[in-house]
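Undergrad: Residue numbers (this note's numbering): 1005 to 1137.
Each residue gets a CB set at the ideal place from its N, CA and C atoms; glycine is no exception.
Keep in mind that this is a model prediction, so the values were computed, not measured.
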């Protein structure tokens, strides 16, 4: 499962998370990102490799250059890597982490209530399958 590409780990049953993955796919013109649901075999393997909790699906994780970024930092870095106008959002990295992650955690806590959840992880279409681990 080795890849030099940045990897996004996400909650596969969360509608908000799946929407975020679809957003990244749509704007990732370089097709640089790879994806794995936290609940998947690949997601669990990566979680163990990087000493991440395997029982919590409350965070968005970016693994890039063998470094792990979580929550708001991961989201801001993904935007920066996508480039264009999305990269402008990286300016919010100057906001103190406890504030950024406080907002992130509030949204994460309410995401199922606000956006719902799926019965199972999304299945990528055949043309996207190569981007999922």
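Could you give the DSSP three-state label for residue 1039: helix, strand or coil?
TA: In the displayed model, residue 1039 falls within a strand according to three-state DSSP.
Undergrad: State whether the stretch 1005–1018 contacts the stretch 1035–1044, with contact taken as three or more CB pairs (one from each stretch) at a distance under 8 Å.
TA: yes
Undergrad: Among 1112, 1027 and 1036, which one has its Cα closest to the Cα of residue 1067?
TA: Closest by alpha carbon: 1036.
Undergrad: Leaving out five residues before and five after residue 1032 in sequence, what residues of the same chain have Cβ atoms less than 7 Å from its Cβ?
TA: 1086
Undergrad: Sort 1119, 1137, 1009 and 1129 by Cα distance to residue 1023 and report the nearest one.
TA: Looking at the Cα atoms, 1119 is the closest of the given residues.
Undergrad: Here's the rule I'm using: 16 or more other beta-carbon atoms within 10 Å means buried, otherwise exposed. How should residue 1064 be labelled?
TA: buried
Undergrad: How long is the line joining the alpha carbons of residue 1082 and residue 1136, rounded to whole angstroms?
TA: 16 Å
Undergrad: If you follow the alpha helix (DSSP H) that residue 1103 is part of, which residue opens it and which one closes it?
TA: It spans 1101–1119 - the alpha helix (DSSP H) in which residue 1103 sits, taken as one unbroken run.
Undergrad: Using a 10 Å radius around the Cβ and a threshold of 16 neighbouring Cβ atoms, would you call residue 1091 buried or exposed?
TA: exposed
Undergrad: Who are residue 1068's beta bridge partners in DSSP?
TA: 1071
Undergrad: In terms of residue numbering, what span does the alpha helix (DSSP H) encompassing residue 1027 cover?
TA: Taken as a continuous stretch (DSSP letters only), the alpha helix (DSSP H) holding residue 1027 covers 1019–1031.
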